[in-house]
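Worksheet: one structure, shown below.
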RNA sequence: GGAGGGAUACCGUAAUUGGUAACGGACCGGUCUUGAAAACCGGCGCCCUUUGGGCUUGUGGGUUCGAGUCCCACUCCCUCCGCCA
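In our numbering, the protein residues as written are 5 to 434.
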């Protein structure tokens with residue numbers, strides 16, 4: 005959510021920012037409503053001032069036994085007027101807020117202009133491997149190895165689900181543990197394990213609601229939403245709280261499954277582990293001071309990159325262009341891992357600075373060390389990493405000509421020393 | 001699911017028959033001091049058109065000139081009973 009006062013005082017800046025995104029927002033309507041609201045507030049506050057002073061006077065009169073019936077009768081009328089105006093103001097406020105909640109964040113000055121194709125490549129790491137045989141996509145190889153089963157997952161749930169089996173399930177679990185261990189022991193994050201279902205206020209706090217309800221799953225009998233990412237519960241850990249500047253920065257990492265309806269993605273990434281209704285992810289979340297948030301974004305991105313480096317998976321970092329940013333983000337780096345089946349780099353992590361956009365929605369503030377006014381924190385988050393896509397990348401990048409998959413060395417301690425995922429028959433023999 | 005108790009500002013705690021939220025602590029600033037502590041003064045939630053005013057006692061309604069206080073509904077927490085991995 006943007007600051008209403010900022011919109012009021014700098015409408016042109018807001019308009020220009022939204023234009024960079026290619027976003028339409030009802031700014032004129034909002035400014036008009038704001039004007040009406042302020043006028044009415046001013047009027048009703050004068051009436052309330054009168055009510056307060058006269059009511060006090062009535063109290064005094066009654067105490068001395070004097071007659072106050074005239075004042076009471078007058079205040080009965082004033083009170084009625086106040087009640088009516090308060091109702092009008094409340095209606096205006098509701099409309100203002102609902103408009104405000106639909107306005108996306110403004111891109112940071114360093115964000116490249118343009119759309120989906122206008123990302124800026126920041127850096128590459130590693131070399132895509134040259135295969136001396138025809139590499140298989142993970143959805144074939146994983147099935148042949150009997151570690152991924154999409155057909156049975158479809159039977160029990162439907163399209164866009166996966167059943168991991170044997171070494172596949174072990175690999176997924178190993179990755180989760182490896183990622184959490186690295187972030188907690190080397191990158192300074194505190195691990196949390198949050199609820200996987202949350203209420204609507206929580207979804208509003210991070211920006212999923214009210215605009216993106218159709219992207220989520222909602223539990224029918226009690227209204228809970230399944231989280232689309234751990235960002236949602238973790239960012240809301242401090243909703244409606246006041247932190248001390250001494251507490252900042254706060255780094256939290258969390259593993260959760262993520263549930264996404266993928267409503268607008270029919271026909272996209274229909275095979276394999278890339279786009280599922282349920283997938284696992286280890287998330288990184290930060291609460292920081294406004295001054296430090298862009299440095300923190302760089303560090304957070306590096307923390308996510310470290311996972312790919314240790315797994316020896318080639319990737320690149322891109323800065324998303326303005327019109328490709330998520331609703332709440334001011335700046336986003338995507339980590340894209342090399343995926344042989346796509347013959348391209350494919351998103352495996354998205355690291356964003358939300359500045360105070362989420363903090364304003366979720367009312368997360370801190371008391372500055374100098375004792376000044378309470379300020380909104382800046383929030384950031386990034387995948388560290390999407391686990392299913394990491395499994396896909398490992399299967400594809402580490403496959404050998406005989407159809408086996410070499411387990412990255414850093415994962416072996418998490419897999420009982422397992423060095424290689426072998427064909428079905430071989431696994432059975434072992 | 002049943003019964004009872006509770007929610008007040010960053011934290012902790014008060015408020016007679018309904019009369020306009022008191023006090024303590026933490027924190028910040030000032031005075032004082034070589035410096036610090038103590039003491040004293042001020043600040044320490046939000047909004048507006050800020051020398052001023054309005055709002056804020058879990059949330060939403062109601063009664064009233066006036067509600068922390070009375071009434072209704074709801075949320076969350078605690079205790080006990082029942083059920084349960």
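Note that CB positions come from ideal geometry on N, CA and C, so glycine has one too.
Values in this document were obtained by computation on a predicted structure and should not be read as measured data.
In the DSSP output, what is residue i paired with across the bridge?
i, result
"residue 368", "245"
"residue 354", "338"
"residue 397", "According to DSSP, which records beta bridges pairwise, residue 397 is partnered with nothing at all."
"residue 222", "229"
"residue 390", "285"
"residue 34", "Bridge partners of residue 34: none, in fact."
"residue 19", "Answer by DSSP bridge pairing: none, since residue 19 is not bridged."
"residue 424", "410"
"residue 349", "342"
"residue 383", "291"
"residue 196", "258"
"residue 153", "167"
"residue 403", "409"
"residue 202", "229"
What residues in its chain sit with their C-beta under 6 angstroms from that of residue i, if we drop five residues either side in the sequence?
i, result
"residue 297", "357, 382"
"residue 301", "357, 384"
"residue 434", "Here residue 434 scores only 48 on pLDDT, less than 50, and its place in the model is too uncertain to base an answer on."
"residue 248", "371"
"residue 106", "215"
"residue 2", "The question about residue 2 has no answer, for the chain in this structure spans 5 to 434."
"residue 8", "none"
"residue 29", "22, 107"
"residue 128", "320"
"residue 58", "75, 79"
"residue 120", "328"
"residue 234", "258, 260, 287"
"residue 11", "18"
Please work out which residues of its chain come closer than 7 angstroms, Cβ to Cβ, to residue i, disregarding the five sequence neighbours upstream and downstream, and give them in chain order.
i, result
"residue 236", "202, 206, 207, 210, 212"
"residue 1", "Here the chain has residues from 5 to 434 only, and residue 1 is not among them."
"residue 54", "82"
"residue 25", "108, 111, 326, 327, 329"
"residue 304", "288, 290, 355, 384, 386"
"residue 40", "96"
"residue 133", "401"
"residue 390", "283, 285, 352, 353"
Relative to the C-alpha of residue i, which residue among the options is closest?
i, options, result
"residue 145", "412, 406, 416, 422", "406"
"residue 418", "425, 179, 403, 282", "179"
"residue 399", "259, 140, 197", "140"
"residue 114", "40, 257, 326, 196", "326"
"residue 240", "23, 375, 366", "366"
"residue 311", "47, 181, 119, 127", "181"
"residue 167", "291, 346, 143", "143"
"residue 193", "73, 291, 11, 395", "291"
"residue 416", "314, 15, 283", "314"
"residue 154", "16, 275, 379", "275"
"residue 37", "101, 218, 50", "101"
"residue 190", "175, 138, 307", "307"
"residue 281", "222, 331, 243, 289", "222"
"residue 425", "391, 20, 175, 67", "175"
"residue 245", "135, 324, 369", "369"
"residue 309", "187, 35, 42", "187"
"residue 218", "264, 251, 226", "264"
"residue 375", "250, 392, 396", "250"
"residue 348", "408, 131, 294", "131"
"residue 294", "388, 350, 378", "378"
Within a Cβ cutoff of 8 angstroms, which residues of the same chain sit near residue i, ignoring the five residues on either side of it in sequence?
i, result
"residue 44", "89, 92, 93, 96"
"residue 196", "238, 241, 256, 257, 258"
"residue 184", "195, 257, 259, 286"
"residue 6", "18, 104, 107, 109, 110, 361, 364"
#### Entry: alpha helix (DSSP H) segments (min. 4 residues) lying fully within the region 41-114
73-104
### Message
To test your reading of the DSSP string, which unbroken alpha helix (DSSP H) runs of 4 or more residues are found completely within the region 254-328?
### Response
Contiguous alpha helix (DSSP H) elements confined to the region 254-328 occur at 297-315, taking only those with 4 or more residues.
### Task
Ignoring anything shorter than 4 residues or poking outside the region 124-150, list the alpha helix (DSSP H) runs there in chain order.
The region 124-150 contains these whole alpha helix (DSSP H) runs: 142-148.
### Message
With a threshold of 8 angstroms, are at least 3 pairs of Cβ atoms found where one atom belongs to the region 340-348 and the other to the region 308-319?
### Response
yes
### At least 3 beta-carbon pairs within less than 8 angstroms: the region 150-167 vs the region 344-363
At 8 angstroms Cβ cutoff, the stretches do not touch.
### Message
I'd like to know if the region 215-234 and the region 194-201 are in contact, where contact means that at least 3 CB-CB pairs between them fall below 8 angstroms.
### Response
yes
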